[in-house]
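Numbering-wise (UniProt numbering), the sequence shown opens with residue 6 and increments by one. Think of the CB as a built atom: it goes at the ideal place given N, C-alpha and C, for glycine as much as any other residue. Data first, discussion second: the structure below is written as structure tokens.
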Amino acid sequence: AAVLSIRNLSKLYKDFIALDRINLDVRRGEKVVVLGPSGSGKSTLIRCLNRIEPHDSGSLHINGQAITARTDLIRLRALVGLVFQNYNLFPHLSVLDNCTLAPRLVRRMPRAQAEALAMRFLQQVNIAGQARKYPIQLSGGQQQRVAIARALCMQPEIMLFDEPTAALDPEAVSGVATIMNDLAAQGITMLCVTHEMRFARHVADLIVFMDQGRIMEITPPEQFFTNP
Ligand code: ADP
Ligand code: ADP
């Protein structure tokens, strides 16, 4: 069964069709990379999955449950983690406090338990040594790893990445690729928007190519990158 199931999903901005009847199934632990020209609807698709934007028609199911206007957004966003291009860490909080905030507020987890959980994920992304630092003291690649750890602290089933490597140097890019491959091995399902073809080739189980709000092609990366 698909963890994520998208059927005829459409999204309009006034009369502009940003998503035009999108269909996609993603299985547990699968990594889908979404490619396509600027303006093709990639970010809109990610935003609809997390309901930052509501869709206008079609359906969206996560683990068989429909995502609708009545869906509890706090629960949805615990289930679906989001990592942005610009990390979006809280600048006035330490790395550790960035990670413990949501578990403490949303899950009402005691501080000690939230910190133990956060340290586990900070270790997984190899940044535990910086736990007491503030975001501004870290490199872009380190901040992005903190952002990933922070999302993991809510123990999501699905992780969405919107251009996660856009601001990173090549070494940090390959670090993100390695983390995504680790997460897939743990059964986390991922959708990633990117412009970086090498990164896409390294992480994708499936390439989704979008243009003008439509999915034009769903192909394995080997096939996508050898087609003329
Ligand atoms: P991509 O991520 O592929 O670059 P987007 O999903 O950001 O594409 O945007 C798809 C289209 O929808 C673009 O033409 C964009 O201008 C338009 N769009 C995105 N967000 C809004 C918005 N909030 N209001 C109006 N139009 C928008
Ligand atoms: P090429 O892209 O030149 O054919 P490979 O695909 O063989 O090289 O990648 C060689 C190694 O470089 C891989 O093991 C990968 O971990 C690392 N690497 C370098 N750049 C990236 C990147 N942008 N994304 C992911 N991995 C990368």
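Rounded straight-line distance, which links the Cα of residue j to that of residue i
i, j, result
"Gln228", "Phe21", "32 Å"
"Asn186", "Val208", "7 Å"
"Phe214", "Arg116", "43 Å"
"Asn68", "Ser10", "8 Å"
"Val198", "Thr76", "24 Å"
"Ala172", "Ala7", "32 Å"
"Phe230", "Ser99", "41 Å"
"Gly134", "Asp210", "32 Å"
"Gly44", "Pro175", "25 Å"
"Val88", "Phe95", "13 Å"
"Asp167", "Thr105", "22 Å"
Simplified DSSP assignment, three categories, for residue i
i, result
"Val204", "Position check: residue 204 holds Phe in this sequence, whereas Val was assumed. If DSSP states are grouped into helix, strand and coil, Phe204 belongs with the helices."
"Asn103", "helix"
"Gln90", "coil"
"Gly63", "strand"
"Ile132", "coil"
"Gln147", "helix"
"Ser10", "strand"
"Phe95", "coil"
"Phe24", "According to the sequence shown, residue 24 is Leu rather than Phe. In this structure, Leu24 counts as strand in the three-state DSSP scheme."
"Ala119", "helix"
"Val111", "coil"
"Leu173", "coil"
"Phe126", "helix"
Distance between beta carbons of residue j and residue i, contact taken as under 8 Å
i, j, result
"Leu50", "Ile163", "Not confirmed; about 13 Å, so no contact."
"Ala136", "Leu81", "The Cβ separation is near 28 Å, so there is no contact."
"Thr194", "Gly34", "6 Å"
"Arg32", "Gly63", "Rounded, the Cβ-Cβ distance is 20 Å, inconsistent with contact."
"Ile184", "Arg150", "7 Å"
Beta-bridge partners of residue i, as assigned by DSSP
i, result
"Cys197", "Val38 and Phe166"
"Ser15", "Ser62"
"Val213", "Val39 and Ile223"
"Ala71", "His66"
"Leu157", "Leu157 pairs with nothing; no bridge assigned."
"Val31", "Leu9"
"Val85", "Ile163"
Counted within 10 angstroms of its Cβ, other Cβ atoms place residue i as buried (16 or more) or exposed
i, result
"Ala154", "buried"
"Ala74", "exposed"
"Gln128", "exposed"
"Gln191", "exposed"
"Asn91", "exposed"
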